[in-house]
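Q:
There are 2 protein chains.
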Amino acid sequence: MTQSPSTSAPATAQDGPLPRQRRTYSIGELAKMFEVTTRTIRFYEQEGLLAPERRGQTRIYDEKDRVRLKLTLRGKRLGFSLAEIREVVMMYDAMPDGNRRQLRRLIEILTDKRRNMERQLEDIRLMQLELDDVERRAREVLASLGDSD
Amino acid sequence: MTQSPSTSAPATAQDGPLPRQRRTYSIGELAKMFEVTTRTIRFYEQEGLLAPERRGQTRIYDEKDRVRLKLTLRGKRLGFSLAEIREVVMMYDAMPDGNRRQLRRLIEILTDKRRNMERQLEDIRLMQLELDDVERRAREVLASLGDSD
DNA sequence: GCCGAGGTTTACGTTAACGTAAAGGTCTTG
DNA sequence: CAAGACCTTTACGTTAACGTAAACCTCGGC
Numbered sequence: 001m002t003q004s005p006s007t008s009a010p011a012t013a014q015d016g017p018l019p020r021q022r023r024t025y026s027i028g029e030l031a032k033m034f035e036v037t038t039r040t041i042r043f044y045e046q047e048g049l050l051a052p053e054r055r056g057q058t059r060i061y062d063e064k065d066r067v068r069l070k071l072t073l074r075g076k077r078l079g080f081s082l083a084e085i086r087e088v089v090m091m092y093d094a095m096p097d098g099n100r101r102q103l104r105r106l107i108e109i110l111t112d113k114r115r116n117m118e119r120q121l122e123d124i125r126l127m128q129l130e131l132d133d134v135e136r137r138a139r140e141v142l143a144s145l146g147d148s149d
Numbered sequence: 150m151t152q153s154p155s156t157s158a159p160a161t162a163q164d165g166p167l168p169r170q171r172r173t174y175s176i177g178e179l180a181k182m183f184e185v186t187t188r189t190i191r192f193y194e195q196e197g198l199l200a201p202e203r204r205g206q207t208r209i210y211d212e213k214d215r216v217r218l219k220l221t222l223r224g225k226r227l228g229f230s231l232a233e234i235r236e237v238v239m240m241y242d243a244m245p246d247g248n249r250r251q252l253r254r255l256i257e258i259l260t261d262k263r264r265n266m267e268r269q270l271e272d273i274r275l276m277q278l279e280l281d282d283v284e285r286r287a288r289e290v291l292a293s294l295g296d297s298d
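Protein sequences appear in the order of chains P and F. Quick note on numbering: the first sequence equals residues 1 to 149 in our numbering. Quick note on numbering: the second sequence equals residues 150 to 298 in our numbering.
(1) Anything in the segment 121-141 of chain P with a Cβ closer than 8 Å to a Cβ of chain F? List those residues in chain order, please.
(2) Whose C-alpha, out of P:R66, P:G75 and P:L142, is nearest the C-alpha of A31 (chain P)?
(3) From the beta carbon of M116 (chain F), is the nearest beta carbon of chain P less than 8 Å away?
(4) From the DSSP output, read off the bridge partner residues of D62 (chain P).
(5) Measuring straight from C-alpha to C-alpha, what distance separates E289 (chain F) and I41 (chain P)?
(6) Of all Cβ atoms in chain F, is any one closer than 8 Å to the Cβ of R114 (chain P)?
(7) Within the chosen definition, does the segment 216-223 of chain F reach the segment 110-118 of chain P through at least 3 CB pairs nearer than 8 Å?
(8) Does DSSP put L167 (chain F) in a helix, in a strand, or in coil?
(9) Exposed or buried, A243 (chain F), counting other C-beta atoms within 10 Å across all chains shown (16 or more means buried)?
(10) Taking only beta-carbon positions, decide if G177 (chain F) is within less than 8 Å of chain P.
(11) How would you write the range of the alpha helix (DSSP H) that E84 (chain P) sits in, first residue to last?
(12) DSSP on R226 (chain F), reduced to helix/strand/coil?
(13) Are the segment 97-108 of chain P and the segment 246-256 of chain F in contact at 8 Å, needing three or more beta carbon pairs?
(14) With a Cβ-Cβ cutoff of 8 Å, do L198 (chain F) and L231 (chain F) count as a contact?
(15) I need the boundaries of the beta strand (DSSP E) containing E202 (chain F), first residue and last residue.
(16) If we count the other Cβ atoms within 10 Å of its Cβ and call it buried at 16 or more, is D132 (chain P) buried or exposed?
(17) DSSP on S248 (chain F), reduced to helix/strand/coil?
(18) Within this structure, are the beta carbons of T24 (chain P) and Y61 (chain P) separated by less than 8 Å?
(19) Would you identify the three-state DSSP class for V185 (chain F), choosing helix, strand or coil?
(20) Could you tell me whether the Cβ of S155 (chain F) comes closer than 8 Å to any Cβ of chain P?
(21) Do you know offhand how far A287 (chain F)'s Cα is from R86 (chain P)'s?
(22) Which residue from P:R119, P:E84, P:D123 and P:R104 puts its Cα closest to that of E47 (chain P)?
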C-alpha cells in the first residue's frame, strides 16, 4: 500500500452518506502527522493509551485514536508521564459508569493537574523574563564588540 | 553542626558593614529549601551546573549558587534537560569575553527556548480547556448519581 | 569519649521512554 | 516475479536523572 490517505473502504456507490467522519489512519500516517516514530505509537498502545482496531495484523486508527494521541503528546510536552496521562484517560473512559469514589478521585487528580498548570504558567513567565535579560545582555556585549575579535 | 542557618563566619564586631549579602548555605539547607535530595544537588554539580566553594571537604553554597539551583529546577519543571540548562548557563558565564560566534549562538539558543515557551503556553491553554471539560462532565455524572451506588 | 546529625566519596541499581535490529508477512507496481 | 514500501512481533540496548547503600570523616554537646 504505497501511501494513499487510507479511507476505510473503497466505498461502493450505494454506501449512502458516509457514517460521519469515517476517516482512518495507518500507523505510518499518524507517525508523520505528529512527527514521532511508529515505535512510539506502538509503545503508547502497549502502555494502554491507545487501542486501535485491527484489520488482520494491521492496526487501523480512527479519529478518536488520533485525538487521543494528540492529547498524549501534548501531555508529554507539558512534562506528564505516560502513567499520569493514562490515569486520566482511563478514568475518563470509565466515567459513564464510574462510582462516586472514582469520580471524586478523578476530580481530585484534575485539580492537581490544574495546580501544576498554574505553576508552569508562572515558571514560564519567570523563565521568559530570564531569557529576555540574558538576551539583552548578550546583545549589549555583542554591540560593544566594535572591531576586536 | 546541629543545624543553625550557617553564616559564613562568627563575624567579629569590627567587621564593619557585611560585604553585601554574605549568606551561605550548606547542602542540606538548600535541599530542604527546594525539596530535593542532597544527591540531586551533588549530581547537578557533577554535571557542571554548580560549583560551590569548599571548606575542607564540605561544600559551601552562596547566593549565586542558590539562584542557579533555583533556575535549574525551574528549567527542569519546564521539561529542559540538564544538558540544555547547562548549555545556557555556561554560555551566560562565558559571555563577558565571548566572541561573536558564541554570542550569536547563545542568542540563537535563547530564541529557540522562547519558541518552546510559546508552545508550552499554548499547550497549557489547551490542556486547561480539556481539564475544564473533563471535570465538568465528571461533575455532571456525579450529580446524576442521585442515590444509586 | 562517644553519640548523633550532619557532611563526604564511590559505585552499583533503577525507571521511563523509547531506539535499534532481526526476521518475517502483504501488497502493488514495473 | 522481484523489488519496494509498508506493516508485524520479539527482544535486547540505551540514556537521563537520579536512588540507594556502604564506609568513612568531623564536629558540638553531654
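All C-beta atoms, glycine included, are put in the ideal place defined by N, C-alpha and C.
A: By the coordinates alone:
(1) L121, D123, I124, L126, M127, Q128, E130, L131, V134, E135, R137, A138, R139 and V141
(2) Indexing the first sequence from 1 puts residue 31 (chain P) at position 31. Closest option to A31 (chain P), Cα to Cα, is P:R66.
(3) Residue 116 (chain F) cannot be examined here, being either before or after the span of chain F that is shown, 150 to 298.
(4) By 1-based counting over the first sequence, the position of residue 62 (chain P) is 62. Per DSSP, P:T24.
(5) Locating residue 289 (chain F) in the second sequence gives position 140, counting from the first residue. Locating residue 41 (chain P) in the first sequence gives position 41, counting from the first residue. Roughly 32 Å between the two C-alpha positions.
(6) Translated into positions along the first sequence, residue 114 (chain P) becomes position 114. Yes, R114 (chain P) lies at the interface with chain F (some Cβ there is under 8 Å from its Cβ).
(7) No: the two stretches stay apart, fewer than three of their Cβ pairs being nearer than 8 Å.
(8) As a first step, residue 167 (chain F) is located in the second sequence; it is residue number 18 there, counting from the start. Reliability fails at L167 (chain F), whose pLDDT of 46 lies under 50, so the model's placement of it is uncertain and the value that follows must be treated cautiously. The answer is coil: DSSP assigns L167 (chain F) none of H, G, I, E or B.
(9) Along the second sequence, read from residue 1 onward, the residue named residue 243 (chain F) stands at position 94. Under this definition A243 (chain F) is an exposed residue.
(10) The residue labelled residue 177 (chain F) in the question sits at position 28 within the second sequence. Among the CB atoms of chain P, none fall inside 8 Å of the CB of G177 (chain F).
(11) Along the first sequence, read from residue 1 onward, the residue named residue 84 (chain P) stands at position 84. That run of the alpha helix (DSSP H) goes L82 to A94.
(12) Numbered from its first residue, the second sequence carries residue 226 (chain F) at position 77. Helix at R226 (chain F).
(13) no
(14) Within the second sequence, residue 198 (chain F) is the residue found at index 49, counting from 1. Within the second sequence, residue 231 (chain F) is the residue found at index 82, counting from 1. Yes, these two residues count as a Cβ contact at 8 Å.
(15) Taking the second sequence and counting its residues from 1, one reaches residue 202 (chain F) at position 53. From DSSP, the beta strand (DSSP E) with E202 (chain F) extends over E202 to R204.
(16) Counting from 1 along the first sequence, the entry for residue 132 (chain P) is found at position 132. Flag for D132 (chain P) reads exposed.
(17) As a first step, residue 248 (chain F) must be located in the second sequence, where it is residue number 99. In the sequence as displayed, the identity of residue 248 (chain F) is Asn instead of Ser. Three-state result, N248 (chain F): coil.
(18) Taking the first sequence and counting its residues from 1, the one referred to as residue 24 (chain P) is at position 24. Taking the first sequence and counting its residues from 1, the one referred to as residue 61 (chain P) is at position 61. Their beta carbons are under 8 Å apart, which means T24 (chain P) touches Y61 (chain P) by this criterion.
(19) Locating residue 185 (chain F) in the second sequence gives position 36, counting from the first residue. Three-state DSSP puts V185 (chain F) in coil, outside helix and strand.
(20) Taking the first residue of the second sequence as position 1, residue 155 (chain F) is located at position 6. Residue placement at S155 (chain F) cannot be trusted, given a pLDDT of 47 that sits under 50; what the coordinates show is reported in the next sentence. Taking Cβ atoms only, chain P never reaches closer than 8 Å to S155 (chain F), which makes this a no.
(21) For the purposes of this step, residue 287 (chain F) is identified with residue 138 of the second sequence, where counting begins at 1. For the purposes of this step, residue 86 (chain P) is identified with residue 86 of the first sequence, where counting begins at 1. C-alpha separation (whole angstroms): 17 Å.
(22) As a working note, residue 47 (chain P) is residue 47 in the first sequence. For the residues P:R119, P:E84, P:D123 and P:R104, the minimum Cα distance to E47 (chain P) belongs to P:E84.
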